[in-house]
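Protein sequences appear in the order of chains A and B.
Counting from 9, one number per residue, gives the positions in the first sequence under this note's numbering.
Counting from 9, one number per residue, gives the positions in the second sequence under this note's numbering.
Just so it is clear, CB atoms sit at the ideal spot from N, CA and C, and this is done for glycine as well.
Only a predicted model underlies this, so the values are computations on that prediction, with no experimental measurement involved.
Reviewing the structure listed below.
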Amino acid sequence: MLIRRPAAIFPSQITAAPVYRRRALLAAGGLAAALAAGAQTRGAPKLAARPGPYSTIEKPTPYQYVTGYCNFFEFGTEKDDPPRLAPKRLRLRPWSVVVDGEVRRGRTFDIEELLKLAPLEERVYRLRCVEGWSAVVPWIGYPLSELIRRVEPTGQAKYVEFTTLADPAQMPGLSSSVIQWPYREGLRLDEAMHPLTLLCFGLYGEVLPHQNGAPLRVVVPWKYGFKSAKSLVRIRLVERQPLNSWQQSAPHEYGFYANVNPNVDHARWSQATERRLGEDGLFARRRPTLMFNGYGEEVASLYAGMDLRKFF
Amino acid sequence: MAGRGAAPAPLFAVLPAVLPAALFARVRAALFALALLPLARLVVLGAGPGLGANPVEFVTRSLGTWALVMLCVTLAVTPLRHLTGWAWLARLRRMAGLFCFFYASLHVAAYAVVDLRLDLHAIVSDIVKRPFITAGFAAFVLLVPLAATSNSAMVRRLGARNWQRLHRFVYPIAALAILHFWWHKAGKNDFGEPAVYALIVAVLLGARLLRWLAAR
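As structure tokens, then:
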């Protein structure tokens with residue numbers, strides 16, 4: 009698999025310098041190539057980050073597609089609704105996140121504090137949408153476990169529930185009845201604590217654009233994109249499996265786990281293949297979808313013995 | 009223009025009920041060119057990066073939308089003729105219907121050939137498992153005999169009565185096309201656009217129903 013191995017310490021400390029430099033160049037080369045291919049950023053504030061583990065060496069999807077083709081139904085159900093409406097409507101400051109539930113040190117975190125909670129890393133992850141398209145995104149963030157550890161989950165904490173902002177004054181899409189607002193998503197605690205799971209503040213070297221879930225979101229690269237909740241206002245540790253919004257809306261189509269799985273079809277379409285945004289042109293073949301979106305080596309053990317057709 | 013004191017001219021008297029042959033040929037040529045614009049637009053966009061992040065999706069959806077538009081245009085011809093008295097409209101209906109078939113065929117080709125590369129297993133399982141594709145596929149299958157019998161020779165061969173019976177299939181086709189669009193949007197509960205087309209089709213079919221009831 010095209011993923012750099014994880015490391016408990018910074019890769020430059022354990023890897024021979026020439027090898028590390030070559031790897032870093034490889035990763036940076038992908039970014040540079042994407043930039044050269046017309047993926048100009050829009051001059052949002054820069055967000056400094058060191059290269060993190062687990063990055064794919066696949067070519068990042070051009071910036072204009074990552075930020076121009078978005079599912080963020082709070083701003084409308086068309087792909088160009090969020091980029092059109094979110095920058096004008098969504099206010100990013102002040103912003104705080106309530107972290108509570110089955111924790112000993114639950115409290116409200118200000119966004120500025122969260123930005124400094126742990127060192128920011130750049131991680132180039134594949135993103136697979138449940139609709140059958142995919143992208144490669146250079147996210148910036150740190151493992152969600154950094155935050156969860158600090159609030160000290162109790163023994164009762166088994167799951168994590170994420171809640172997205174739901175303010176009708178800022179989000180015109182809330183008038184639609186497509187799901188029950190606010191948008192809620194959830195992970196098992198071990199999934200949330202997995203080193204791949206990112207609390208994300210930026211992409212392409214800049215702070216998150218409004219339409220991509222600013223000012224902070226989660227990124228869970230082995231699950232369909234809808235699991236990676238955007239514009240978070242609450243992270244709650246709970247004992248029982250939370251009911252995520254899409255499962256509530258269409259339980260026969262969307263489950264709790266939503267692991268990327270080419271062998272388990274969506275109720276209305278096959279999940280065996282996908283189209284890469286901006287790369288797979290009109291006459292390109294669809295590419296095969298990878299089990300766990302290619303992160304099986306890292307996460308398959310989380311689901312050992314589970315029937316993934318039942319727990320879809 | 010009507011002179012002083014005369015009754016106001018009927019609204020639709022701007023054009024006569026019968027057009028001179030030369031003018032009719034020009035009107036038809038202009039409408040033919042107009043109906044090709046949606047395809048020309050896709051070709052121009054496709055020459056650059058204009059088809060966006062997901063070109064296959066863009067092209068497929070655009071072609072489907074225009075097939076539906078042409079279907080509405082076709083269904084509008086007869087009520088419009090009754091409303092305006094422009095008898096020459098009837099002679100444009102075949103062209104409109106064939107443009108509907110043209111865009112529907114390209115729509116199906118974009119899905120089956122360009123997107124799925126004629127992967128028959130994938131296509132068949134889509135038709136069986138995805139109700140919105142079942143509806144769209146049925147609409148297209150029903151459209152084929154109408155396109156095949158569209159020329160004057162076929163009208164003669166079938167006889168006007170049989171031909172008309174066969175071509176009444178355009179009504180279930182319209183219903184299936186709306187259903188196809190409606191179910192496609194059902195995943196997002198976003199029925200604004202299909203509702204507009206459903207309303208247009210309902211008005212066009214309703215006009216026929218009213219006329220039929222009035223004639224009884």
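In chain A, what lies closer than 7 angstroms to residue i by C-beta?
| i | result |
| --- | --- |
| G54(B) | L290 |
| R125(B) | R293 |
| A130(B) | S278 |
Evaluate residue i with the Cβ neighbour count: other Cβ atoms within 10 Å of its Cβ, from every protein chain shown; 16 or more gives buried, anything less gives exposed.
| i | result |
| --- | --- |
| T64(A) | buried |
| V132(B) | exposed |
| N301(A) | buried |
| F209(A) | buried |
| P91(A) | buried |
| F109(B) | buried |
| A37(B) | exposed |
| K87(A) | buried |
| R29(A) | Residue placement at R29(A) is flagged as unreliable, the pLDDT there being 40, under the threshold of 50; a coordinate-derived value is accordingly withheld. |
| M78(B) | buried |
| P190(A) | buried |
| S185(A) | exposed |
| V51(B) | exposed |
| G221(A) | buried |
| R99(A) | exposed |
| F320(A) | buried |
| K231(A) | buried |
| Q256(A) | exposed |
| H129(B) | exposed |
| R293(A) | exposed |
| T297(A) | buried |
| S160(B) | exposed |
For residue i, I'd like the list of residues in its chain whose CB is within less than 7 angstroms of its CB, leaving aside the five on either flank, ordered along the chain.
| i | result |
| --- | --- |
| H274(A) | V138 and E261 |
| A41(A) | Model confidence at A41(A) stands at a pLDDT of 45, short of 50, so the residue's coordinates are unreliable; what they give is reported in the following sentence. These residues qualify, in order along the chain: K67. |
| A52(A) | E214, V215 and P217 |
| W254(A) | I187, F234 and Y262 |
| Y77(A) | K87 and L285 |
| L151(B) | F109, A112 and I181 |
| F145(B) | I135 |
At 7 angstroms on the CB atoms, spell out the chain B contacts of residue i, in chain order.
| i | result |
| --- | --- |
| T85(A) | K196 and D198 |
| V228(A) | Those do not exist, as V228(A) stays about 21 angstroms from chain B at its closest Cβ, beyond 7 angstroms. |
| W189(A) | Near W189(A) there are no residues of chain B at all, since even the closest Cβ is about 13 angstroms away, more than 7 angstroms. |
| V272(A) | Correct list: empty, because the minimum Cβ distance to chain B is about 13 angstroms. |
For residue i, I'd like the list of residues in its chain whose CB is within less than 6 angstroms of its CB, leaving aside the five on either flank, ordered along the chain.
| i | result |
| --- | --- |
| L76(B) | A185 and Y205 |
| V106(A) | T116 and R242 |
| D89(A) | F83 |
| T73(B) | none |
| V208(B) | The sequence as given places Ile at residue 208(B); Val does not occur at that position. Hits under 6 angstroms: C80. |
| L187(B) | A143 |
Using a Cβ cut-off of 8 angstroms, pull out every chain B residue sitting near residue i, in sequence order please.
| i | result |
| --- | --- |
| Y212(A) | Within chain B, no residue comes near Y212(A); the closest Cβ sits about 15 angstroms away, beyond 8 angstroms. |
| Y73(A) | G60 and A61 |
| V241(A) | In chain order: nothing, as chain B lies at least about 23 angstroms away. |
| V186(A) | K196, N197 and D198 |
List, in order along the chain, the chain B residues whose C-beta lies closer than 9 angstroms to that of residue i?
| i | result |
| --- | --- |
| G76(A) | G60 and A61 |
| R248(A) | Correct list: empty, because the minimum Cβ distance to chain B is about 27 angstroms. |
| V145(A) | Going along chain B, no residue has its Cβ under 9 angstroms from V145(A), so there is no contact; the nearest lies around 13 angstroms. |
| S104(A) | Under the 9 angstroms cutoff, chain B gives no residues; its nearest Cβ is about 30 angstroms from S104(A). |
Is the separation between the beta-carbon of residue i and that of residue j shorter than 8 angstroms?
| i | j | result |
| --- | --- | --- |
| A104(B) | T82(B) | yes |
| T172(A) | A237(A) | yes |
| V122(B) | L100(B) | no |
| F107(B) | H192(B) | no |
| L154(B) | F177(B) | yes |
| E169(A) | R192(A) | yes |
| L206(A) | L123(A) | no |
| L204(A) | V307(A) | yes |
| Y73(A) | P146(A) | no |
| L240(A) | L224(A) | yes |
| L128(A) | A56(A) | yes |
Show which residues of chain A have a CB atom less than 9 angstroms away from the CB atom of residue i.
| i | result |
| --- | --- |
| R69(B) | Under the 9 angstroms cutoff, chain A gives no residues; its nearest Cβ is about 11 angstroms from R69(B). |
Kindly list, in the order they appear in chain A, the residues whose Cβ is closer than 8 angstroms to that of residue i.
| i | result |
| --- | --- |
| R138(B) | R276 and W277 |
| S133(B) | S278 |
| V64(B) | R283, D288 and L290 |
| V122(B) | L290 and F291 |
Excluding the 5 residues preceding and the 5 following residue i in the sequence, name in chain order all residues of the same chain whose CB lies nearer than 8 angstroms to its CB.
| i | result |
| --- | --- |
| P95(A) | P217, H218 and Q219 |
| V272(A) | Q279, L316, R317 and F320 |
| A4(B) | Limits of chain B in this structure are 9 at one end and 224 at the other, which puts residue 4(B) out of reach. |
| P176(A) | L182 and S183 |
Quick check on the DSSP output: what are the complete alpha helix (DSSP H) runs of length 4 or more inside the segment 14-97 of chain B, in order along the chain?
29-55 and 63-92
Which runs of the beta strand (DSSP E), 3 residues or longer, sit entirely within the segment 213-270 of chain A?
225-227 and 240-246
Residue ranges of each alpha helix (DSSP H) run of no fewer than 4 residues wholly in the segment 96-154 of chain A, ordered along the chain?
119-123
Secondary structure, alpha helix (DSSP H): runs of 4+ residues fully inside the segment 118-170 of chain B
128-137, 139-156 and 160-166
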